[in-house]
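Undergrad: What follows is a single structure, and I will ask about it in a moment.
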Amino acid sequence: MWFELESIIMKKRRIVSSRHLASTEGWQLSEFEYGLIIAYNGFSRWMTKCMIASGNPELSPLEILVLHNVNHRERQKRLTDICFLLNIDDSHTVNYALKKLLKAGLIEGEKRGKEMFYSTTTQGFELCDKYREVREQCLLDSLKHLDVDKDQLSEMAAMMRTLSGLYDQASRAASSL
1 MWFELESIIM KKRRIVSSRH LASTEGWQLS EFEYGLIIAY NGFSRWMTKC
51 MIASGNPELS PLEILVLHNV NHRERQKRLT DICFLLNIDD SHTVNYALKK
101 LLKAGLIEGE KRGKEMFYST TTQGFELCDK YREVREQCLL DSLKHLDVDK
151 DQLSEMAAMM RTLSGLYDQA SRAASSL
């Protein structure tokens, strides 16, 4: 019986990161997770290279995400806002990124009561704008050459946001075991 099952599985080999996690019932999710892993690493590499081309080789992927989030809609944000929007539990890593961005002169903080509100400086805004230009030149121009429907990208983004909720719920369940 095992041989027959192995034979069926071998006919269409699954592209997964950890075969032992891909049962006959859950391989599709494992396949998605592997895609997510390599997409995350590719995206992190892309952000870093795009930021280098924009003129700042010093920022990590998290610092780049935090900078863009602070710059988003040109509204001041608190540490808790940034963590919530980026779905990051460990606020210490975001706080460290904020301190590095403050030191680099890319953001500034305004204390109101007990909370600090962050916004981009002119230098930070200009760096985000330069990043946008490099992104358009290198990433969006390449995307135009692929046969990708922009509405499909929006649908994929919605599905990924929905799946993040599934993973959040599963992590809460696992924490209670």
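Mapping of the sequence shown onto the UniProt record's numbering: residues 1 to 177, in sequence order.
Here a beta-carbon is modelled for each residue, glycine too, at the ideal position from N, C-alpha and C.
Do the segment 51 to 58 and the segment 33 to 40 meet, that is, are 3 or more Cβ pairs less than 8 Å apart?
TA: no
Undergrad: Return yes when the Cβ of Thr93 is within less than 8 Å of the Cβ of Leu67, no when it is not.
TA: no
Undergrad: Exposed or buried, Asn71, counting other C-beta atoms within 10 Å across all chains shown (16 or more means buried)?
TA: So Asn71 counts as buried.
Undergrad: Do Glu133 and Ser119 have their C-beta atoms within less than 8 Å of each other?
TA: When the beta-carbon positions are compared, Glu133 and Ser119 stay at least 8 Å from each other.
Undergrad: Measuring alpha carbon to alpha carbon, tell me which of Leu29, Gly105, Ser23 and Leu36 ends up nearest Ala157.
TA: Leu36
Undergrad: Give the DSSP-derived three-state secondary structure of Ser119 in the structure shown.
TA: strand
Undergrad: What is the C-beta distance between Gln152 and Phe117, in whole angstroms, given that I count them as a contact (C-beta under 8 Å)?
TA: The pair is not a contact, with the Cβ atoms about 37 Å apart (cut-off 8 Å).
Undergrad: Roughly how many angstroms separate the alpha carbons of Ala104 and Ser60, rounded to a whole number?
TA: 13 Å
Undergrad: Given this structure, state the Cα-to-Cα distance separating Thr80 from Thr162, to the nearest angstrom.
TA: 21 Å
Undergrad: Indicate the three-state DSSP secondary structure (helix, strand or coil) for Lys114 in the structure shown.
TA: coil
Undergrad: Pick helix, strand or coil for Gly124, following the three-state DSSP scheme.
TA: Under the three-state reduction of DSSP output, Gly124 falls in the helix class.
Undergrad: According to DSSP, which residues form a beta bridge with Gly109?
TA: Assignment of beta-bridge partners to Gly109 by DSSP yields Tyr118.
Undergrad: Which two residues bound the contiguous alpha helix (DSSP H) that contains Gln137?
TA: Neither: Gln137 is in no alpha helix (DSSP H) and is coded neither H nor E.
Undergrad: Only counting the same chain, and skipping five residues up and downstream in sequence, which positions put a Cβ closer than 6 Å to that of Ser44?
TA: Within the same chain, Ser44 has close Cβ partners Pro61.
Undergrad: Just how far apart, CA to CA, sit Ser164 and Leu86?
TA: 11 Å
Undergrad: Could you tell me the alpha carbon to alpha carbon distance between Leu65 and Cys83, rounded to whole angstroms?
TA: 11 Å
Undergrad: Bridge partners of Lys77, per DSSP?
TA: Tyr118
Undergrad: Under the three-state reduction of DSSP, which class applies to Gly26: helix, strand or coil?
TA: Gly26: coil per DSSP, three-state reduction.
Undergrad: Who are the near neighbours of Gln169 in its chain, counting only those whose CB is closer than 6 Å to its CB and skipping five residues on each side?
TA: none
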